[in-house]
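J.: Residue numbers (our numbering), protein chains in the order written: chain A, 578 to 693; chain B, 11 to 127. Glycine is no exception: its CB is placed at the ideal position from the N, C-alpha and C atoms.
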Amino acid sequence: AQKVTQAQTEISVVEKEDVTLDCVYETRDTTYYLFWYKQPPSGELVFLIRRNSFDEQNEISGRYSWNFQKSTSSFNFTITASQVVDSAVYFCALSEANTGGFKTIFGAGTRLFVKA
Amino acid sequence: EAGVVQSPRYKIIEKKQPVAFWCNPISGHNTLYWYRQNLGQGPELLIRYENEEAVDDSQLPKDRFSAERLKGVDSTLKIQPAELGDSAVYLCASSFGLAGGSYNEQFFGPGTRLTVL
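#1: Terminal residues of the continuous beta strand (DSSP E) containing Thr125 of chain B?
#2: Only counting the same chain, and skipping five residues up and downstream in sequence, which positions put a Cβ closer than 7 angstroms to that of Gly95 of chain B?
#3: In chain order, what residues of the region 659-684 of chain A put their CB closer than 7 angstroms to some CB of chain B?
#4: Apart from the five residues on each side of it in sequence, which residues of its chain come closer than 7 angstroms, Cβ to Cβ, to Glu592 of chain A?
#5: Against Leu133 of chain B, what residues of chain A qualify as contacts under a CB-to-CB distance less than 8 angstroms, listed in chain order?
#6: Could you tell me which whole beta strand (DSSP E) segments of length 3 or greater appear in the region 19-43 of chain B?
#7: Using a Cβ cut-off of 8 angstroms, pull out every chain B residue sitting near Leu622 of chain A, in sequence order please.
#8: Between Tyr610 of chain A and chain B, is any beta-carbon pair separated by less than 8 angstroms?
#9: Near Arg123 of chain B, which residues of its chain fall below 6 angstroms by C-beta distance, leaving aside the five closest residues on each side in sequence?
#10: Sort out for me which residues DSSP pairs Asp84 of chain B with in a bridge.
#11: In three-state DSSP terms, what is Thr649 of chain A?
#12: Could you tell me whether the region 69-85 of chain B touches the region 580-598 of chain A, using the rule of 3 or more Cβ pairs below 8 angstroms?
#13: Along chain A, in chain order, which residues have C-beta atoms closer than 8 angstroms to that of Gly121 of chain B?
#14: Would you call Pro618 of chain A buried or exposed, if buried means 16 or more other Cβ atoms sit within 10 Å of its Cβ?
#15: Should Gly639 of chain A be flagged as near chain B, meaning a C-beta pair shorter than 8 angstroms?
#16: Below 7 angstroms on C-beta distance, what does Tyr113 of chain B contact in chain A?
#17: Are Thr597 of chain A and Thr687 of chain A touching if we call contact CB-CB under 8 angstroms?
#18: Could you tell me which of A:Leu689, A:Leu671, A:Gln579, A:Tyr602 sits nearest to Glu115 of chain B, measuring between CA atoms?
#19: Beta-carbon of Asp131 of chain B versus every beta-carbon of chain A: anything under 8 angstroms?
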């Protein structure tokens, strides 16, 4: 069955610290997609990244980086030199094939506080 | 380009009253989703449309919830009658992709915060 676990409910860091948000997933499929979304206080979820199950290459985008490891079923997200604007709730999501097409489920989210 | 538009942003009703939410997806997006997000939780899918067809409504409580997407563009989600436990944020999202997708990134609206008293 599909499952996404974000064990960290809240993380608090001081500006310029690095922070890693953990995501562990469960799936029976060999073809699936993993996502990270950011939900700032305004409420709209904003897409950050998508990874398919056949591409384990890590990715870096500015201060953001993602580490995908199929061996441990993890897709962790690191923010380098955090800033106050990074404060938000971050969701990891898994999309796998299901009746009627791919179905996406979200983890419970990790709330990140970045203090100045 | 305009994003996903939802209205109203906030709604307060008494239990047993009906309520409706409206969503206008990004132009050209064929897939539309309605999610419910409870406090401190991630979004949970209620229904997914591909064009006019509801292809996944397995999580929609059909005794009180209904949805429609006429002409494959705008969508309305209705609750009748509302219960206390329906208090949540209702999110609409859209994406563009081949049939059977929800593997593409989704674009979310700001949501409607429903409070049932």
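T.: On the basis of the coordinates in this document:
#1: 122-126
#2: none
#3: Phe668, Ser672, Gly677, Gly678, Phe679, Lys680, Thr681, Phe683, Gly684
#4: Ser659, Gln660, Val661, Val691, Lys692, Ala693
#5: Here chain B covers residues 11 to 127 and nothing more, so residue 133 of chain B does not appear.
#6: 20-23, 29-34
#7: Pro53, Leu101, Ala103, Gln116, Phe118
#8: yes
#9: Tyr20, Val99
#10: Asp84 of chain B pairs with nothing; no bridge assigned.
#11: helix
#12: no
#13: Gly620, Glu621
#14: exposed
#15: no
#16: Tyr610, Ser672, Phe679
#17: no
#18: A:Leu671
#19: This structure leaves residue 131 of chain B out entirely; chain B is present only between 11 and 127.
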